[in-house]
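Please read the structure below before turning to the comments.
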Amino acid sequence: MMRAASLSALLLLCSGAAHAAPSPQACWTLHRHGQQPQAEACFTQLTRSADAYARAEGFWGLEDWQNANESFRSAAAEAGAPALVKVRWGTLFHERFNNPEAVNLFREALSQDPNRAGAYLGLATVSAEEYDGKANEYLAKAEALDPKLAAAHELAARIALENDTRELAAAEADKALALDSEATEAMAIHAALDLIADRSADAWFARIAAVNPHDGEAYQEVAHHLELHYRFTDAAAYERKAVGADPRLWSAHSALGIALMRLGEVDEPAKELEIAYNNGYRNPATVNSLRLLDSFKNFDTTRQPTTVIKLDKKENELLEPYVQAELHAILDTYSKKYSMTLSGPVQVEMYPNHEDFAVRTMGMPGLGALGVTFGQVVAMDSPSGRKPGDFNWGATLWHEMSHVFIITATNQRVPRWFTEGLAVHEEGHHQPEWADRVTPDVLAAIRDKKLLPVLKLDRGFVFPDYPQQVIVSYFQAGSMCDYISETYGEGKLLDMVHAYAAQKSTAATVQDVLGVAPEVFDTQYLAWIDKKYGAEAAHFDEWRGKLKALAAAAQAGQASTVLAQAPAVIALYPEYTGEASAYAMLADAQRDKGDSVGEVTTLTAYAHAGGSQPEMLKRLASLQEAGGDKAAAAVTLTRVLYIYPVKDADLHKHLGDLLLAEKQYDGAVREYHAVVASAPLDKAGAEYNLAQAYFAAGKRKEAEETVLLALEAAPDYRPAQKLLLQLQQGSTN
Amino acid sequence: MRRLAVLLCMLCTLNASAATYYVTVAGLGGAPEYEQRFTGEAHDLDKVFRAAGAAAHVYTLTGAQATAAQVRITLATVAQSSTAGDEFVLTLIGHGSFDGTEYKFNLPGPDLSAADLAALCDRIPAKRQLVVDTTSASGGAVAALERPGRAVITATKSGTEKNATVFARYWIEALQDPAADTDKNETLTAMEAYAYAAKKTAAFYDEQKRLATEHAVFDDTGRGEPVREAGNGQGQMLSSLTILRLGSAGAAAADPAKGALLARKEALESKIDALKYGKAAMDPGDYRQQLTAALVELARVQGELDK
Numbered sequence: 003m004m005r006a007a008s009l010s011a012l013l014l015l016c017s018g019a020a021h022a023a024p025s026p027q028a029c030w031t032l033h034r035h036g037q038q039p040q041a042e043a044c045f046t047q048l049t050r051s052a053d054a055y056a057r058a059e060g061f062w063g064l065e066d067w068q069n070a071n072e073s074f075r076s077a078a079a080e081a082g083a084p085a086l087v088k089v090r091w092g093t094l095f096h097e098r099f100n101n102p103e104a105v106n107l108f109r110e111a112l113s114q115d116p117n118r119a120g121a122y123l124g125l126a127t128v129s130a131e132e133y134d135g136k137a138n139e140y141l142a143k144a145e146a147l148d149p150k151l152a153a154a155h156e157l158a159a160r161i162a163l164e165n166d167t168r169e170l171a172a173a174e175a176d177k178a179l180a181l182d183s184e185a186t187e188a189m190a191i192h193a194a195l196d197l198i199a200d201r202s203a204d205a206w207f208a209r210i211a212a213v214n215p216h217d218g219e220a221y222q223e224v225a226h227h228l229e230l231h232y233r234f235t236d237a238a239a240y241e242r243k244a245v246g247a248d249p250r251l252w253s254a255h256s257a258l259g260i261a262l263m264r265l266g267e268v269d270e271p272a273k274e275l276e277i278a279y280n281n282g283y284r285n286p287a288t289v290n291s292l293r294l295l296d297s298f299k300n301f302d303t304t305r306q307p308t309t310v311i312k313l314d315k316k317e318n319e320l321l322e323p324y325v326q327a328e329l330h331a332i333l334d335t336y337s338k339k340y341s342m343t344l345s346g347p348v349q350v351e352m353y354p355n356h357e358d359f360a361v362r363t364m365g366m367p368g369l370g371a372l373g374v375t376f377g378q379v380v381a382m383d384s385p386s387g388r389k390p391g392d393f394n395w396g397a398t399l400w401h402e403m404s405h406v407f408i409i410t411a412t413n414q415r416v417p418r419w420f421t422e423g424l425a426v427h428e429e430g431h432h433q434p435e436w437a438d439r440v441t442p443d444v445l446a447a448i449r450d451k452k453l454l455p456v457l458k459l460d461r462g463f464v465f466p467d468y469p470q471q472v473i474v475s476y477f478q479a480g481s482m483c484d485y486i487s488e489t490y491g492e493g494k495l496l497d498m499v500h501a502y503a504a505q506k507s508t509a510a511t512v513q514d515v516l517g518v519a520p521e522v523f524d525t526q527y528l529a530w531i532d533k534k535y536g537a538e539a540a541h542f543d544e545w546r547g548k549l550k551a552l553a554a555a556a557q558a559g560q561a562s563t564v565l566a567q568a569p570a571v572i573a574l575y576p577e578y579t580g581e582a583s584a585y586a587m588l589a590d591a592q593r594d595k596g597d598s599v600g601e602v603t604t605l606t607a608y609a610h611a612g613g614s615q616p617e618m619l620k621r622l623a624s625l626q627e628a629g630g631d632k633a634a635a636a637v638t639l640t641r642v643l644y645i646y647p648v649k650d651a652d653l654h655k656h657l658g659d660l661l662l663a664e665k666q667y668d669g670a671v672r673e674y675h676a677v678v679a680s681a682p683l684d685k686a687g688a689e690y691n692l693a694q695a696y697f698a699a700g701k702r703k704e705a706e707e708t709v710l711l712a713l714e715a716a717p718d719y720r721p722a723q724k725l726l727l728q729l730q731q732g733s734t735n
Numbered sequence: 066m067r068r069l070a071v072l073l074c075m076l077c078t079l080n081a082s083a084a085t086y087y088v089t090v091a092g093l094g095g096a097p098e099y100e101q102r103f104t105g106e107a108h109d110l111d112k113v114f115r116a117a118g119a120a121a122h123v124y125t126l127t128g129a130q131a132t133a134a135q136v137r138i139t140l141a142t143v144a145q146s147s148t149a150g151d152e153f154v155l156t157l158i159g160h161g162s163f164d165g166t167e168y169k170f171n172l173p174g175p176d177l178s179a180a181d182l183a184a185l186c187d188r189i190p191a192k193r194q195l196v197v198d199t200t201s202a203s204g205g206a207v208a209a210l211e212r213p214g215r216a217v218i219t220a221t222k223s224g225t226e227k228n229a230t231v232f233a234r235y236w237i238e239a240l241q242d243p244a245a246d247t248d249k250n251e252t253l254t255a256m257e258a259y260a261y262a263a264k265k266t267a268a269f270y271d272e273q274k275r276l277a278t279e280h281a282v283f284d285d286t287g288r289g290e291p292v293r294e295a296g297n298g299q300g301q302m303l304s305s306l307t308i309l310r311l312g313s314a315g316a317a318a319a320d321p322a323k324g325a326l327l328a329r330k331e332a333l334e335s336k337i338d339a340l341k342y343g344k345a346a347m348d349p350g351d352y353r354q355q356l357t358a359a360l361v362e363l364a365r366v367q368g369e370l371d372k
């Protein structure tokens with residue numbers, strides 16, 4: 003947000019804003035110094051001015067947005083109105099959550115006065131907020147037009163720190179302070195830098211307080227950067243300080259509410275968000291978060307000593323056993339691996355509506371991620387939130403839980419690339435089939451030499467230079483950890499965690515732990531990548547052409563051509579299991595030719611390559627079962643449980659049958675229970691199957707309870723009647 | 066449904082010697098994939114119905130045979146052969162159209178309107194009729210087809226749902242899948258088949274993350290708007306209309322030596338029904354004890370009947 007206070011200096015440049023006392027600039031200066039009663043009196047006086055522009059500033063200062071807007075409209079309509087009016091009007095729009103209108107006004111101001119630095123600053127502010135990559139370009143223009151514009155350097159410092167280029171952030175903040183000794187946002191950047199580096203920021207806060215003892219925005223600025231550095235608890239603490247410093251800073255109430263939601267709180271966030279909302283701060287994040295909190299009544303919460311699981315009521319009974327079991331397996335594995343125990347229970351929330359998850363995370367819909375970790379709270383999509391095959395909830399949970407441990411182990415002092423890389427590495431380390439696959443975008447990046455040096459890899463996550471760079475960066479970070487594990491040993495990854503915990507930089511961590519300079523590490527890593535994927539990258543276009551030809555042959559029903567050509571296409575790029583994969587075409591052709599052995603081989607290779615389409619895996623399981631290998635079929639169907647265990651009672655029934663046949667009774671009970679939890683049409687049949695599994699497992703009491711449920715639904719159900727009599731006979735003998 | 070279970074059992078007994086006339090028509094596909102699909106589905110139904118036993122009279126029209134003239138002839142044959150005590154099931158598979166006022170079942174050559182079909186069915190003396198229209202826009206046929214004694218199931222809720230449907234696939238699956246017999250009494254009622262097919266159809270669109278373009282409905286009161294779920298008088302006829310007998314149900318009824326056991330069974334079923342009806346007002350432990358005793362006794366009686 004472009005703060006009104008920061009712009010007060012701009013008002014001095016307003017050639018057409020000379021009025022009888024008070025001036026807008028004088029009022030904003032009072033506001034900036036925290037002299038609220040005087041500032042309010044001053045703004046009130048402005049609202050009585052004959053000058054529409056002065057009235058607009060007055061109403062703005064009094065938070066009368068409607069009248070401020072109307073007065074700006076009148077001021078802008080006056081003949082000879084300076085471009086500054088539109089800059090300030092645009093700033094008002096920006097402050098009131100309407101960036102498109104703000105941008106229009108900044109552009110209109112520039113068409114009126116191409117040298118209006120404030121308009122470029124406005125455009126830069128919006129661009130920075132929307133992460134569209136153009137902010138620095140606009141800032142350069144603003145600075146060129148007005149080298150004394152301290153606010154431009156404050157914004158540059160903010161962007162630099164968001165990008166974790168700390169030296170640049172400090173330098174830009176210093177430039178701002180050199181131009182304006184009261185540049186509190188620059189001071190806040192310095193305070194944030196100190197806190198991120200675990201130094202005391204008291205001196206900076208003292209300087210801020212000297213300018214304005216009620217400067218909540220400075221604390222908000224600090225909170226924003228702490229949050230970006232995974233310091234979620236600290237971020238909430240500074241949002242709280244912001245509210246304390248300026249209880250009328252409604253944006254801080256909203257931000258505090260959202261920050262507390264991320265820590266798993268519900269009641270206090272609701273209170274804070276309502277304060278913001280009721281005082282007119284109704285940006286989308288506030289409104290969406292309040293709606294989401296309201297929807298929490300649709301969730302069930304299961305609490306155990308080390309876990310809290312929050313699932314939609316409609317799928318809680320089905321999913322909770324799977325999530326609980328997986329979460330405990332993860333806690334056991336990571337606790338041993340990282341030699342640590344989490345301080346309290348970890349909370350996992352799964353959202354069947356992806357946009358609810360996005361709001362939970364960002365306050366806004368439209369998030370591309372599958373899961374997000376805030377300290378010991380993990381929010382993620384439920385498997386039902388995505389199309390079957392799009393998402394592996396098991397892999398995502400292992401990924402996010404890695405963040406929980408690494409963020410805790412390093413006290414949140416870990417660069418983005420490493421925590422993401424390690425999380426990706428853990429997915430493949432736990433299950434090779436869950437390893438992050440080299441996608442066409444990644445292959446293209448390797449081919450075009452777009453991978454980033456380790457010291458700049460964070461940029462690929464925060465400020466991508468091209469649309470796919472975030473995905474590429476995930477792969478690169480993960481493969482870097484794979485490379486470290488493979489070349490230096492898995493233990494070195496743990497050593498790196500300790501180095502980051504000791505607040506070493508990436509350069510120092512790489513040098514000290516791996517014993518090589520970052521540049522040398524980059525060279526060695528790239529050579530490893532080239533060895534692994536160089537040939538695939540070099541033949542990427544050839545693969546694409548051949549896949550296209552193969553698809554045409556498959557479409558034309560030329561099974562023999564597909565059988566002949568598909569193996570070569572797969573060999574060119576074995577990791578490709580996405581849409582229209584050569585595996586699928588080859589398996590279809592083999593089926594058409596009646597070659598079930600070949601079909602099993604192809605589908606098995608597809609599964610091992612990370613193929614995740616449930617229908618393909620279920621087809622493999624059917625073939626394995628038909629071939630007499632029920633154990634393999636059960637393993638294959640178990641894979642599907644991690645991909646799409648919802649809305650598929652048949653899957654659970656079939657797997658339950660296989661496990662029962664294999665005498666894996668606990669697994670059979672789990673699967674038949676899942677059928678019951680799926681609210682099947684055939685309730686009696688589902689309960690009977692579960693009763694049978696209990697009976698086979700020697701759990702007679704549970705078997706009787708369950709068979710009675712089957713017979714309550716269908717009293718004439720003969721197999722269930724027989725089981726009941728059998729159980730009764732056993733209990734009377 | 067609790068009361069219906071008893072009623073159903075009585076009707077099963079009453080209708081044990083009646084015949085059921087099954088007429089299935091696969092309409093014009095318009096494209097090879099639809100031609101193949103519709104014909105295949107009709108043949109699947111034909112197979113299911115023919116396996117239902119000697120009381121089943123099965124007529125199936127597909128491909129070039131499925132003309133309006135042939136449909137008229139077939140239904141006239143049924144009208145001549147059947148009696149008031151018989152049951153009649155007409156299944157329409159294919160494409161339908163609706164112009165805002167009139168539904169038409171698409172056939173090679175002239176189509177048949179809903180009014181035409183209704184008139185043909187009216188001539189059939191069977192007092193209990195079921196029309197299952199699985200075509201697109203079939204919801205537009207309900208108003209013309211419905212009348213007392215005739216239940217109508219359609220794949221779409223109105224004539225404006227015009228996309229090709231998948232309801233037929235799951236209707237047929239219901240007739241093949243023992244799981245559709247949810248009360249496990251070895252008779253598949255039209256309501257059980259409808260519930261199965263409607264649920265599976267909805268799940269199909271949900272799994273595909275596609276906007277559902279069909280919403281199955283039914284009417285078995287002979288008047289008013291069709292509904293999606295039983296209640297308020299709707300669903301009674303469908304629940305008592307047996308489409309298929311799956312096992313040996315009914316065989317015992319024909320054995321006079323087992324009359325006492327059958328009476329005991331019926332009494333126990335009534336008792337269980339009453340217990341379930343009063344469950345909310347009972348002490349849970351007491352309910353459980355009484356229900357268990359009745360279920361165990363019923364299981365024993367059934368065991369005797371099966372000997």
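Respectively, the protein sequence lines represent chains C and S.
Each residue of the first sequence is one higher than the one before, starting from 3 at the first, in our numbering.
Each residue of the second sequence is one higher than the one before, starting from 66 at the first, in our numbering.
A virtual CB, placed ideally from N, CA and C, is assigned to each residue, including glycine.
State the Cα-Cα distance for the pair C:Glu322 and C:Leu713, rounded to the nearest angstrom. If you take the alpha carbons of C:Glu322 and C:Leu713, they lie about 26 Å apart.
Residues bridged to S:Ser178 (per DSSP): Residue pairing from DSSP places S:Ser178 in a beta bridge opposite S:Lys169.
Interface residues of chain C facing S:Gln367 [CB-CB closer than 8 Å]: Residues of chain C passing the Cβ test: Asp718, Arg720 and Gln723.
S:Lys264 versus chain C: which residues are under 8 Å apart at the beta carbon? In chain order: Leu683.
Sort C:Lys451, C:Ala551, C:His401 and C:Ile198 by Cα distance to C:Tyr240 and report the nearest one. Taking only the C-alpha atoms, the option nearest C:Tyr240 is C:Ile198.
Please list, in chain order, the chain C residues whose beta carbon lies closer than 9 Å to that of S:Asn250. Here the neighbours are Ala716, Pro717, Asp718 and Tyr719.
Looking at chain S, is there any beta carbon in it that lies within less than 8 Å of the beta carbon of C:Ala686? Under the 8 Å criterion on CB atoms, C:Ala686 is classed as interfacial with respect to chain S.
If you compare alpha carbons, which of C:Gly580, C:Gln378, C:Glu492 and C:Ala446 is closest to C:Ser475? Taking only the C-alpha atoms, the option nearest C:Ser475 is C:Ala446.
Cα-Cα separation, S:Pro175 to S:Tyr259: One Cα belongs to S:Pro175, the other to S:Tyr259, and the distance between them is close to 30 Å.
Beta-carbon of S:Ile237 versus every beta-carbon of chain C: anything under 8 Å? Chain C, which has no Cβ nearer than 8 Å to the Cβ of S:Ile237, makes this no.
Verify the CB distance criterion: does S:Thr307 have a CB-CB separation below 8 Å to chain C? No, S:Thr307 does not count as interfacial toward chain C.
Taking the continuous alpha helix (DSSP H) assigned at C:Ile408, which residues delimit it? For C:Ile408, the uninterrupted alpha helix (DSSP H) run begins and ends at Trp395 to Ala411, by DSSP.
If we cut at 8 Å on Cβ distances, does S:Ala260 have a partner in chain C? By the rule that beta-carbons nearer than 8 Å mark a contact, S:Ala260 touches chain C.
For S:Ile218, count neighbouring Cβ atoms within 10 angstroms of its own Cβ and tell me buried if that reaches 16, exposed if not. S:Ile218 is buried by the Cβ-count criterion.
Sequence-distant residues of the same chain with beta carbon closer than 8 Å to C:Leu727, five excluded per side: Once the five neighbours on either side are set aside, C:Leu727 has no close Cβ partner at all.
In whole angstroms, what separates the C-alpha of C:Glu97 from that of C:Glu110? Spanning the alpha carbons of C:Glu97 and C:Glu110 requires a straight line of approximately 18 Å.
Spatial neighbours of S:Gly191 within its chain, please: CB distance less than 7 Å, with the 5 preceding and 5 following residues excluded, ordered by chain position. In the sequence on display, residue 191 of chain S carries Ala and not Gly. Beyond the five residues adjoining it in sequence on each side, S:Ala191 comes within less than 7 Å, by CB distance, of Tyr86, Ser147, Ala149, Asp151, Glu152 and Phe153 in the same chain, given in chain order.
What are the boundary residues of the beta strand (DSSP E) that C:Asp631 is part of? Unbroken run through C:Asp631: none, as it is neither H nor E.
Where are the beta strand (DSSP E) runs, 3 residues long or more, that stay fully inside the stretch 298 to 344 of chain S, in chain order? Unbroken beta strand (DSSP E) runs of no fewer than 3 residues, entirely contained in the stretch 298 to 344 of chain S, are found at 307 to 310, following chain order.
Give me the Cβ distance between S:Leu363 and C:Pro721, rounded to the nearest whole Å; I'm assuming they're in contact under 8 Å. Taking 8 Å as the upper bound for CB-CB distance, S:Leu363 and C:Pro721 are not in contact here, some 14 Å apart.
Whole angstroms are fine: how far does the CA of C:Asp217 sit from the CA of C:Leu454? Near 39 Å, if we compare the C-alpha coordinates of C:Asp217 and C:Leu454.
Which of helix, strand or coil does DSSP assign to S:Val217? Strand at S:Val217.
By the three-class DSSP mapping on this structure, what secondary structure does C:Arg305 have? Three-state DSSP puts C:Arg305 in a strand.
Check whether C:Leu141 and C:Gly120 have beta carbons under 8 Å apart: Taking 8 Å as the Cβ cut-off, C:Leu141 and C:Gly120 do not qualify as a contacting pair.
Name the residue from C:Tyr221, C:Asn214, C:Ala212 and C:Gly60 whose alpha carbon lies nearest to the alpha carbon of C:Ala193. The shortest CA-to-CA distance from C:Ala193 to any of C:Tyr221, C:Asn214, C:Ala212 and C:Gly60 is the one to C:Tyr221.
Considering just the uninterrupted stretch of the beta strand (DSSP E) at C:Gly373, what are its terminal residues? Segment Gly373 to Phe376, the beta strand (DSSP E) holding C:Gly373.
Name, please, each residue of chain S whose Cβ falls closer than 7 Å to the Cβ of C:Lys649. At a C-beta separation below 7 Å, C:Lys649 has these neighbours in chain S: Ala268, Asp271 and Glu272.
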